[in-house]
Amino acid sequence: MKALASQGLLGLIIPKEFGGMGQNHVCMAMVVETIARYGCPSTAMVCVMHYIAVGSLLFRHHNNALIQDLLRRVNEETLIGTISYSDPATGGHFWYPMSSRTQMTADGRIKILKCGSWATSAGLADFYVITTISPQFDGDFSHLSSFLLYKDEVRADNDDWKSLGMHGNQSRPMVCEATVDEDRLIGPYGDGKAAIDEVGSPRFLLLTAACWNGIAMGAMDIARHHVTTKEHADVGMRIADYPTIQNFKRSQNCPRSW
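Read in UniProt numbering, the sequence shown has 144 at position 144, and its numbers run on one by one without any break.
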């Protein structure tokens with residue numbers, strides 16, 4: 001992640017006025033796909049969630065000096081973000097955060113208890129965009145709000161992460177517990193659903209697709225290298241010279257480079 005920051009990529013979609021590169025969603029997908037293909041799939045997935053978190057902040061940064069300050073520091077200080085929408089009771093049905101609670105305190109602050117089924121970079125990310133019920137919750141789960149929390153307000157198990165496929169993205173259950181000022185609210189109360197619909201879900205679908213595509217192309221690169229460099233000494237042919245292999249590679253709909 002430090003290497004990505006050295007190239008300005010943590011601030012890829014942050015506007016230039018806040019020290020970022022000001023790029024769009026197409027460039028974002030290309031970066032994720034490239035990292036997954038030529039670099040590290042786990043790092044690509046960390047970037048996916050980072051970009052969603054940054055995008056969520058950008059969605060409502062206009063009148064929030066705290067968020068603007070964080071955006072200015074993201075790339076310079078190598079600050080990694082992530083999101084937490086899921087809920088232990090409802091899993092990926094994040095529109096029903098039934099395990100979480102928020103309430104207003106007597107001095108006008110917001111007390112938050114957010115339980116997440118999983119979050120990429122859980123316990124390791126520097127900032128978290130969470131979505132949970134609003135303090136004004138009256139049973140209507142469409143009344144969600146988004147909040148900005150920091151690493152010291154999150155509890156997660158950071159033991160060795162052993163998973164199938166990705167070993168470095170630390171996708172773990174987490175608990176967020178904090179009492180915060182209103183400037184940690186991202187947008188107005190009740191804006192959480194709009195933030196998910198306009199930023200979270202579209203970017204998740206776009207960027208995870210880019211990540212999976214990059215992994216698939218990386219696998220095809222490895223296969224192509226093998227069949228074009230491995231020779232059978234008895235017949236003097238590469239594996240790629242056999243018609244059966246050529247037909248199989250053609251079926252992958254990738255450019256022929258043999």
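Ideal Cβ positions, reconstructed from N, Cα and C, are used throughout, including at glycine.
According to DSSP, residues forming a beta bridge with Y150: Position 150 of the sequence shown holds residue 150. Bridge partners of Y150: F127.
Integer-rounded CB distance, given that G8 should sit under 8 angstroms from M21: Counting from one through the sequence shown, the residue named residue 21 turns up at place 21. Counting from one through the sequence shown, the residue named residue 8 turns up at place 8. Right, their Cβ atoms sit about 5 angstroms apart.
With 16 other Cβ atoms within 10 Å as the buried cut-off, status of V26: Here residue 26 refers to the residue found at position 26 when the sequence shown is read from its first residue. So V26 ends up on the exposed side.
Residue span of the beta strand (DSSP E) that contains C176, given as start and end: One-based indexing of the sequence shown puts residue 176 at position 176. Unbroken beta strand (DSSP E) run through C176: R172 to V180.
Among T43, Y96, L66 and G108, nearest to T82 - alpha-carbon criterion: Position 82 of the sequence shown, counted from the first residue, corresponds to residue 82. Out of T43, Y96, L66 and G108, T43 has the C-alpha closest to the C-alpha of T82.
8 angstroms Cβ shell around K16 - same chain, five flanking residues per side excluded: Within the sequence shown, residue 16 is the residue found at index 16, counting from 1. Excluding residues within five positions, the ones whose Cβ falls inside 8 angstroms are G22.
Simplified DSSP state of H226, which is helix, strand or coil: As a first step, residue 226 must be located in the sequence shown, where it is residue number 226. Correct three-state label for H226: helix.
Beta-carbon proximity of L207 to V48, cut-off 8 angstroms: Position 207 of the sequence shown, counted from the start, is the residue given in the question as residue 207. Position 48 of the sequence shown, counted from the start, is the residue given in the question as residue 48. Yes; because the gap between Cβ atoms is below 8 angstroms, this pair is in contact.
Every unbroken alpha helix (DSSP H) within the segment 56 to 141, with a cutoff of 4 residues, ordered by chain: 65 to 73
Helix, strand or coil at A44 according to DSSP, with G and I counted as helix: Looking up residue 44 in the sequence shown gives position 44. Helix at A44.
Distance CB(G192)-CB(T120) smaller than 8 angstroms: The count along the sequence shown starts at 1 and reaches residue 192 at position 192. The count along the sequence shown starts at 1 and reaches residue 120 at position 120. Not a contact, by the Cβ cut-off of 8 angstroms.
V74 versus A36, T228 and F127, residue with shortest Cα-Cα distance: Counted from its first residue, the sequence shown places residue 74 at position 74. When each option's Cα is compared against that of V74, the closest is F127.
Whole-angstrom distance between G91 and I196, CA atom to CA atom: Here residue 196 refers to the residue found at position 196 when the sequence shown is read from its first residue. Here residue 91 refers to the residue found at position 91 when the sequence shown is read from its first residue. About 16 angstroms.
Backbone CA spacing between P202 and G236 [nearest angstrom]: The count along the sequence shown starts at 1 and reaches residue 202 at position 202. The count along the sequence shown starts at 1 and reaches residue 236 at position 236. Rounded to the nearest angstrom, the two C-alpha atoms are 51 angstroms apart.
Nearest candidate by alpha-carbon position, reference L12, set M28, A3, K2 and M1: Locating residue 12 in the sequence shown gives position 12, where the first residue counts as 1. Considering only alpha carbons, the answer is M28.
Straight-line Cα distance separating E33 from R256: For the purposes of this step, residue 256 is taken as the residue at position 256 of the sequence shown. For the purposes of this step, residue 33 is taken as the residue at position 33 of the sequence shown. Its pLDDT being 45, under 50, R256 is placed unreliably in this model, and the value from its coordinates should be taken loosely. Answer to the nearest angstrom: the Cα atoms are 20 angstroms apart.
I215 vs P88 beta-carbon contact at 8 angstroms: On the sequence shown, residue 215 is found 215 positions in, with the first residue counted as 1. On the sequence shown, residue 88 is found 88 positions in, with the first residue counted as 1. Contact: no.
Contacting residues, own chain, Cβ-Cβ under 8 angstroms from Y51 (five flanking each side not counted): The residue you call residue 51 lines up with position 51 of the sequence shown. Excluding sequence neighbours, Y51 sits near L12, I13, M28, V32, R203 and L207.
Beta bridge counterpart(s) of I186 as assigned by DSSP: As a working note, residue 186 is residue 186 in the sequence shown. Paired residues: S146.
Helix, strand or coil at H50 according to DSSP, with G and I counted as helix: Residue numbering aside, residue 50 sits at position 50 when the sequence shown is read from its first letter. Correct three-state label for H50: helix.
Reduced DSSP secondary structure (H/G/I, E/B, other) of M166: Translated into positions along the sequence shown, residue 166 becomes position 166. In the structure shown, M166 sits in coil (DSSP, three-state: anything other than H, G, I, E or B).
E153, buried or exposed, once every other Cβ within 10 Å from all chains shown has been counted against 16: Here residue 153 corresponds to residue number 153 of the sequence shown, with the count starting at 1. With 16 or more other Cβ atoms within 10 Å, it is buried.
Of the residues S56, H232, T228 and A233, the one placed nearest K249, counting alpha carbons only: Numbered from its first residue, the sequence shown carries residue 249 at position 249. K249 has its Cα closest to that of T228, out of S56, H232, T228 and A233.
M220, DSSP secondary structure in three states: Taking the first residue of the sequence shown as 1, we reach residue 220 at position 220. M220: helix per DSSP, three-state reduction.
CA nearest to the CA of L58, picked from L185, M166 and R224: Position 58 of the sequence shown, counted from the first residue, corresponds to residue 58. Closest option to L58, Cα to Cα, is L185.
Distance, S142 Cα to A178 Cα: Locating residue 178 in the sequence shown gives position 178, where the first residue counts as 1. Locating residue 142 in the sequence shown gives position 142, where the first residue counts as 1. So the two alpha carbons sit approximately 23 angstroms from each other.
K2: first and last residue of the uninterrupted alpha helix (DSSP H) it sits in: Your numbering for residue 2 matches position 2 in the sequence shown. Residues K2 to S6.
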